[in-house]
Structures are given as C-alpha cells and as structure tokens.
Amino acid sequence: MRTALERRARLLGPHMTTFYDTPVHVARGEGVWLWDTDGRKYLDCYNNVPHVGHCNPRVVEAIATQAAQLNTHTRYVHDLILDYGEALTSKFDHDLESLLMVCSGSEANDVALRMAQAMTGNTGIIGTDDTYHGNTSAVSQLNSSKTPVGGYLPHVRQVPAPDNMAPLGGDRTKQAEAFAQDVEQAVAKLQASGHGISALILCPYFANEGFPTLERGFLDRAIGAVRNAGGLIIADEVQPGFGRIGSHWWGHERLGFAPDIVTLGKPMGNGHPVAAVVTRHDILTCFQEAFRYFNTFGGNPVSAAAAMAVFQVIEDDNLVGNAADVGEYTLNLLRQVQSHRDVIADVRGAGLFMGVELWRDGAPATALCARMVNEMRERGVLLHSVGRHDNTLKLRPPCVFSRENADQLADVMDQALSVVT
Ligand code: PMP
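Every position in the sequence shown, counted from 1, becomes a number in my numbering once 36 is added.
Written out as structure tokens, the structure is:
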C-alpha cells in the first residue's frame, strides 16, 4: 500500500485526493461490495457511479459484446446512439427531446453553458455557492472550493445555496424567498454590467451543498426571475438523476420545475465514461449553428451500449422502486439511531440519497464527522461527508442496495458513533 501511495503521489501529483486516512486499495467490486488487495470486503454506501451495482453482468456483457463488434468515432451513422436517445428522452415528460452525448459531467455542463449563451445571446451565469459542476475552464468558474487562477470572471455570479441548518432554520418559505431575492439581485447586476443572463445552473437536489430538505416549488420564484429576464434553467442531474431519489427519475421532477437543459453523467454508464446533455430541439439546433462542435468519443457505440444496458437494468430490475423502498427503510433505521444519539441533528434524504448531519454543543461537528468517516471505513462500511461545514455523512450507495445492507450500515454507524463521541 505504501509503495502504491508513493507511486501515486509521484505519478499523479501530490494533491490527487483519496478518501480516508488509510485509503482503500481496491482490487475488485460486485454489486454493493468492494474488496481491497488484502481480500477485505467493504459495503459501498457512497459510490453513485456503479449505479446498477459494481461490475453488473449485463453492463459488462454489453460493453464486451459491442467492443468485440465495433467501436469508433461518432461521424458514422449507428443505431445504438439513436436507440439510446429515444429511450432516455422518453423519461422526460416535457419537451426535452434531443440530446448530445459527451464523456463527462464537466463536458456536459460546459456544453450546457454554451447552449444557453447561444440561445439567449447573453453570457451571464448564476450558480449556487459551495457547489461543484466540473473541471473545464468555464465550469471551474462555478466552483467555490478554490478560486480560479485570475479570480472569478465578472459574468459569473454565485448566490447562497439553501442550507438545511441555516440561521433561517426550518422555515423553508423564508429560505425560498431569500433564495429568490438573491437570484433577482444577481440577475439585476448581470443586466447592469451588460452581460445579461444566459442561465441559472443548479443541481436540483443540491447534492454537493448538503441536500437540504426542500418543498416542491421551492425554486419557482427564483426560476421565474431568470425566465423573465430571458435566461434559461440548467438542471445538473449528474448526482440525483437516473432514479436514485426513488420518487422520480430526475431531481427536477421532485421539485416540480421544467428545466430547459439537463446534464447527466456519473451513473449513466455504470463507470464507463459517458455523459449527456438533454435539451429542446430548438436549443440544440441553435447551439450547433453557433458553435462548431464535434466530440470524438461522445456516444460512440461502446458508450451507447453501456448506457443502454444501465437504462435497461434500471427498468427491468425496478431500481427506482428499490431506491424508494430501501431508501425509506434506511431512513427509518437511521432515525432510530438518531433517537439515542444526540450528536445526530438531522437525518434526511430521498430514495438512496441520504444525509446524517452531526452537530455538537450547538455547532457543526466537522472534526467528529471526519472521524466517523474513518471509523466506519475501519469497520468495513464506506461513506463520506458533505455540506457547507462538512458535517453531514453522505450516503449514496449503488441502487441495488438492500434492506440487509441497510441493517449493516445502521449497526456499524451506531457502533462507530459510540467510539468517536
Ligand atoms: N456536476 C456535479 C453535480 C458533480 O457532482 C460532478 C462531479 N462530482 C460533476 C458535475 C462533474 O462530473 P465529471 O467528474 O464526470 O466531470
């Protein structure tokens, strides 16, 4: 392990992050399980990339079969991307009927921003603070964890994301009003500076911001302000998408709004690098007329086969239903743990996307949360933390997670809490 870490730092750079004080040296995976190079087995409660389970046999077979038949760039006509596009867009209940396939969530968001700019003729973008949307130059401007070299560009405005435990507390109506006012002010500033507003981009689950519990309609006034000023709405569904939240396929459906552009990634290919931008036909056409755009790998036959297999497994194995059922079961178990552990201030989530927020002595328990993450890793359960204060345990397992897995998670969490508190 030591040698691997040294080689990693030398080859991949000293700041290539790993999780846990003792990183897990992974060797193989299956379903919700990971094994390290010593043969130790871990319950994976965090990884949303293997959406239909690590090494899902149907996805593995689809990739292998297509790779054995043909893989090439995307300037030929091939049915798989069309079959997949029809299947995927059938899951959107409004006019999002066209798609562009790319290779990562970052790329998808980069394209989405340019679509909005092409469509509106404006350059201004509003995002939330304390978020992450990817790593291209344009998209890095939206990330708040590290100021871009040269600073933030003036066409980008950040508004405070809703916070589950913010001073405004549980009063969501006031939070929605405050959020809308911030967006209105940002729109006014962008108009005054001549940038105008091209888009409001946000994750409809606020996945990187600690996923506060929000009511349907929470964003309506803010969205209205952007639309009134001629801007578009981009929903970054990279984390909540593909049914993880149990009640719906997409996070925006749960909040009850209709975005103009949706970006997808991580779970889409179960680990194969495939992502997409789904939008209206007029927006895609306008983008293609404004920019010369070609993507060598985006939606190639193997990528399309991987994505199609993931889609079919979600449908055939009713994984959205599983996320709803096991998610609810897990939330109840976690609330039982909360009932005798004062340090747990909040248990929240939807489907298989949950958070356990830790507070101590009236303050976010950031250090304790980090100890919990490591203690649970030592006990064979992998998760991580999130939120403005990094004090929320983030649970986001593969969607094949079972009630039995949830029992193990809750038991280990309780044991770990008794050690670290
Ligand atoms: N959007 C969100 C909400 C994300 O969480 C991430 C990655 N964590 C991205 C976009 C970027 O995706 P990728 O790493 O595939 O570029």
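Just so it is clear, CB atoms sit at the ideal spot from N, CA and C, and this is done for glycine as well.
Residue j beta carbon less than 7 Å from that of residue i
i	j	result
Cys139	Leu419	no
Met155	Ile319	yes
Tyr199	Thr172	A quick correction: the sequence has Asp, not Tyr, at residue 199. Cβ atoms of Asp199 and Thr172: not closer than 7 Å.
Asp74	Val62	no
Phe323	Met151	yes
Thr167	Asn84	no
Ala342	Ile99	yes
Gly141	Ala311	yes
Ala381	Glu393	yes
Ile269	Gly160	no
Pro240	His288	yes
Asp272	Thr299	yes
Arg280	Leu388	yes
Ala9	Val373	Summary: the structure shown does not reach residue 9, with the chain confined to residues 37 through 457, and so no result is reported for it.
Pro434	Val60	no
Gly423	Ala359	no
Ala235	Gly267	yes
Met390	Leu355	no
Ala123	Leu149	no
Leu135	Val314	yes
Phe242	Ala294	no
Asn336	Asn92	no
Gln348	Leu79	no
Phe278	Pro248	no
Residue span of the alpha helix (DSSP H) that contains residue i, given as start and end
i	result
Val362	Leu355 to Ser375
Lys430	Taken as a continuous stretch (DSSP letters only), Lys430 belongs to no alpha helix (DSSP H), being part of the beta strand (DSSP E) at Thr428 to Leu431.
Tyr188	First-last for Tyr188: undefined, no H or E at that position.
Ile350	Pro337 to Asp352
Asp166	Element bounds for Asp166: n/a, residue is neither H nor E.
Asp115	Asp115 to Thr125
Leu48	Arg38 to Leu48
Arg94	Pro93 to Gln105
Classification of residue i by the beta-carbon crowding that lies within 10 angstroms, buried from 16 upward
i	result
Met37	exposed
Ala261	buried
Glu414	exposed
Glu351	exposed
Met344	buried
Leu429	buried
Glu440	exposed
Asp115	exposed
His376	exposed
His109	exposed
Gly301	buried
Met412	buried
Glu143	buried
Met52	exposed
Asp296	buried
His130	exposed
Ala45	exposed
Val436	buried
Ala228	exposed
Ala40	exposed
Pro86	buried
Leu291	buried
Phe254	buried
Gly187	exposed
Residue i versus the options, residue with shortest Cα-Cα distance
i	options	result
Gly416	Glu122, Glu66 and Met449	Met449
Val88	Asn441, Asn179 and Asp353	Asp353
Phe215	Asp119, Ala258, Pro309 and Ser176	Ala258
Thr164	Thr125, Asp218, Tyr112 and Leu124	Asp218
Arg252	Ala104, Ala212, Val373 and Ala174	Ala212
Gly357	Ala386, Pro337, Asn331 and Gln177	Ala386
Val338	Pro184, His90, Tyr329 and Val95	Val95
Ala452	Pro434, Val379, Ser181 and Gly398	Val379
His284	Lys127, Ala442, Tyr56 and Pro93	Lys127
Leu189	His231, Ala265 and Glu220	His231
Tyr56	Gly121, Cys405, Leu238 and Glu220	Cys405
Pro309	Trp286, Val274 and Asn368	Val274
Arg407	Glu220, Asn368 and Thr457	Thr457
Thr101	Leu238, Ala340 and Met201	Ala340
Residue span of the beta strand (DSSP E) that contains residue i, given as start and end
i	result
Ala312	Ala311 to Thr315
Glu66	Val62 to Glu66
Thr299	Ile297 to Leu300
Lys182	It is not in any beta strand (DSSP E) - Lys182 carries neither H nor E in the DSSP assignment.
Leu79	Lys77 to Asp80
Asp72	Trp69 to Asp72
Whole runs of the alpha helix (DSSP H) within the region 372-443, excluding any shorter than 4 residues | 402-414
Write down every uninterrupted run of the beta strand (DSSP E) in the region 127-161 whose length is 3 residues or greater and which is fully enclosed by it, in chain order.
-> 134-138
4-residue-minimum alpha helix (DSSP H) runs that sit fully inside the region 207-292, ordered along the chain = 208-228, 256-264 and 287-291
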